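For reference, the structure is listed below as structure tokens.
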Amino acid sequence: MIRLSLSLAGVAALLAFASSATPPTATGTSAPATSRPEPVVHHSCKPEAAIDVALTQNESSSGSRVDLDLSILPEREFLSIDWELVLPEDGVHMEGELNGEAGLARHARTERRVALSVPVDARHRRAELIVHGTFMGSDETGATFEEQVSVKRTLSWGELPAPAPEVVSRDHETGELTRFIALPTAHREGR
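Sequential numbering of the sequence shown, starting at 19, is according to this note's numbering.
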């Protein structure tokens, strides 16, 4: 059995020597480096988002009026970009466009403001901005093709509905009325 013992400094020196040495050629001698290695091109993933999409509630919203700001920013050249704003079921459209086309050039920001009216209560509501785009993609062989991308942003407000029926009951320790979620259960003998 051979026992090899290296200190941390010895390992670091060995790694530094191995990384600085030039690889041996077929004749066994070391050849000097004549050029940099080719860069690695990754075709299987997109390093940046194709479209930056934002949907926010504007500070000017008050009462039943809700002002929504939308922003669409392509991160590359596109062939087409279209968008649609889907309002809550009981939302009433007041001002602004609910659908349209966005700028196709890289970093050509498209911004819109849409006003709607919703009842003033704590009920959960949501608006969705759906953006579809088409751009020219390519694979590792250089072949080009149209590639589709879709982005959805959701803005919600109000209280989320309970995931199951709620029951109001008194807390046995404090005596206060408390909301509980009623979960159906099945009891079996012997389990």
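Each residue gets a CB set at the ideal place from its N, CA and C atoms; glycine is no exception.
The structure displayed is predicted, hence computed values, not measured ones.
Distance between residue j and residue i (C-alpha atoms, nearest Å)
i, j, result
"F96", "T159", "21 Å"
"E207", "L201", "19 Å"
"S78", "W175", "16 Å"
"N76", "L88", "10 Å"
"L122", "P92", "7 Å"
"R94", "I199", "48 Å"
"V132", "P179", "26 Å"
"V167", "D70", "12 Å"
"E119", "H125", "15 Å"
"E129", "R197", "42 Å"
"G81", "N117", "25 Å"
"F163", "T172", "30 Å"
"D85", "L147", "14 Å"
"L103", "A145", "7 Å"
Which of helix, strand or coil DSSP assigns to residue i
i, result
"G97", "In the sequence as presented, Gly is not what sits at residue 97; that position holds Leu. The answer is coil: DSSP assigns L97 none of H, G, I, E or B."
"F35", "Residue confidence is low: F35 scores 40 on pLDDT, short of 50, so the model does not pin down where it sits. No coordinate-derived value is stated."
"S53", "Caution applies to S53, whose pLDDT of 34 falls short of 50 and renders its modelled position unreliable; the value that the coordinates give is listed next. Looking at S53 - three-state DSSP - the assignment turns out to be coil, as it is neither helix nor strand."
"A72", "strand"
"Q138", "In the sequence on display, residue 138 carries Val and not Gln. V138 falls in the coil class under three-state DSSP."
"R130", "strand"
"T203", "coil"
Residue span of the beta strand (DSSP E) that contains residue i, given as start and end
i, result
"D85", "83–92"
"S79", "Run containing S79: none; DSSP gives neither H nor E here."
"V185", "184–188"
"H252", "Nothing about residue 252 can be read from this structure; the chain reaches only from 19 to 209."
"H111", "110–113"
* Are the segment 123–140 and the segment 178–192 in contact at 8 Å, needing three or more beta carbon pairs? -> no
* To do: Answer yes if the segment 148–164 comes into contact with the segment 96–110, meaning at least three C-beta pairs across the two stretches below 8 Å, and no otherwise.
  => yes
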